[in-house]
Amino acid sequence: MLPPGSPQIKGILQRTELGDVWGVGSRLVERLALMGIATAWDLVQQDHERIRRRFSVTLARTVLELQGTPCIEMNDIHEPRQRIMTSRSFGKLTDDLNEIREAIRQHGQRGAEKLRRQNGLAKAVLVFLKTNLFRQDLHQYSPSLAL
Numbered sequence: 001m002l003p004p005g006s007p008q009i010k011g012i013l014q015r016t017e018l019g020d021v022w023g024v025g026s027r028l029v030e031r032l033a034l035m036g037i038a039t040a041w042d043l044v045q046q047d048h049e050r051i052r053r054r055f056s057v058t059l060a061r062t063v064l065e066l067q068g069t070p071c072i073e074m075n076d077i078h079e080p081r082q083r084i085m086t087s088r089s090f091g092k093l094t095d096d097l098n099e100i101r102e103a104i105r106q107h108g109q110r111g112a113e114k115l116r117r118q119n120g121l122a123k124a125v126l127v128f129l130k131t132n133l134f135r136q137d138l139h140q141y142s143p144s145l146a147l
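For the sequence shown, the residue numbers in UniProt numbering are 1 to 147.
Right under this line is the structure:
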C-alpha cells in the first residue's frame with residue numbers, strides 16, 4: 001500500500017477526473033468546476049471543513065479519505081442487517097401464475113443468500129405481491145403471507 005503523500009498517489013490523483021471519484025456525480029462536478037476543482041488532486045488540496053460548509057458532510061469525508069484519513073470503520077461496513085428485502089417489478093402486466101411463482105422463488109433464494117452471507121437466522125419470512133398502484137383503472141390486489 002502506498003503512503004497517502006507519495007508521488008505515485010499524487011500522479012494517480014492528478015490523472016483522475018472528479019466524475020470518476022466515488023460519490024461525485026455530474027452536478028457536483030459542475031459546481032466544483034466553478035471553484036477550479038477538476039481532478040481528484042484538486043479536491044485533495046481543499047480544506048475538508050470548507051467543502052463541508054459549501055457542499056456536504058459526505059463530500060468532506062471523501063476529501064479526508066483521499067487525503068489518507070479513514071472516515072469509515074471497516075467494521076461498520078459489514079454490520080448484519082436486521083431486515084433483508086428483495087423485490088422487483090415485473091416489466092409488464094402479468095397474470096401468469098407460473099411466472100409469478102418463479103419470481104417469488106428467485107426472490108426467496110436471493111434473500112436466503114443474503115442471510116447466509118451474514119451468517120444470520122430468520123424468525124419470519126414475509127411474502128407479498130402488489131398490483132400496479134399507478135393503474136387505478138385495474139382492480140387493486142395486495143396479498144401477503146407471513147411464514
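The beta carbon of each residue, even a glycine, is placed where N, CA and C say it ideally should be.
Keep in mind the model is a prediction, meaning the values are calculated, not measured.
> Is Pro7 near Gly68, with beta carbons less than 7 Å apart?
Replying inline: The count along the sequence shown starts at 1 and reaches residue 7 at position 7. The count along the sequence shown starts at 1 and reaches residue 68 at position 68. Going by beta carbons, Pro7 and Gly68 fall outside the 7 Å limit.
>> Using the three-state DSSP reduction, which class does Thr62 fall into: helix, strand or coil?
In response: Within the sequence shown, the letter at position 62 stands for residue 62. In the structure shown, Thr62 sits in a helix (DSSP, three-state: H, G or I).
> Rounded to a whole number of angstroms, what is the C-alpha to C-alpha distance between Asp96 and Gln140?
Replying inline: Here residue 96 refers to the residue found at position 96 when the sequence shown is read from its first residue. Here residue 140 refers to the residue found at position 140 when the sequence shown is read from its first residue. Their Cα atoms are separated by approximately 17 Å.
> Where Val127 and Phe90 are concerned, what is the direct C-alpha to C-alpha distance, given to the nearest angstrom?
Replying inline: As a working mapping, residue 127 is identified with position 127 in the sequence shown. As a working mapping, residue 90 is identified with position 90 in the sequence shown. Roughly 16 Å between the two C-alpha positions.
> Apart from the five residues just before and just after Asn132, which ones in its own chain have a Cβ nearer than 6 Å to its Cβ?
Replying inline: By one-based count along the sequence shown, residue 132 stands at place 132. Around Asn132, the same chain offers no residue with a beta carbon nearer than 6 Å, after the five sequence neighbours per side are excluded.
>> So, for Thr94: in the same chain, excluding its five sequence neighbours on each side, which residues have a beta-carbon less than 8 Å away from its beta-carbon?
In response: Taking the sequence shown and counting its residues from 1, one reaches residue 94 at position 94. For Thr94, where only same-chain residues beyond five positions count, the Cβ hits under 8 Å are Ile100.
>> Quick check on the DSSP output: what are the complete alpha helix (DSSP H) runs of length 4 or more inside the region 62–145, in order along the chain?
In response: Every alpha helix (DSSP H) stretch that sits fully inside the region 62–145 and reaches 4 residues is listed by chain position as 74–77 and 97–117.
> Looking at Val57 and Leu13, is the spacing between their C-beta atoms short of 7 Å?
Replying inline: For the purposes of this step, residue 13 is identified with residue 13 of the sequence shown, where counting begins at 1. For the purposes of this step, residue 57 is identified with residue 57 of the sequence shown, where counting begins at 1. With contacts defined as CB atoms closer than 7 Å, Leu13 and Val57 fail to qualify as a contacting pair.
> What's the C-alpha gap between Leu121 and His107?
Replying inline: If you number the sequence shown from 1, residue 121 lands on position 121. If you number the sequence shown from 1, residue 107 lands on position 107. Near 17 Å, if we compare the C-alpha coordinates of His107 and Leu121.
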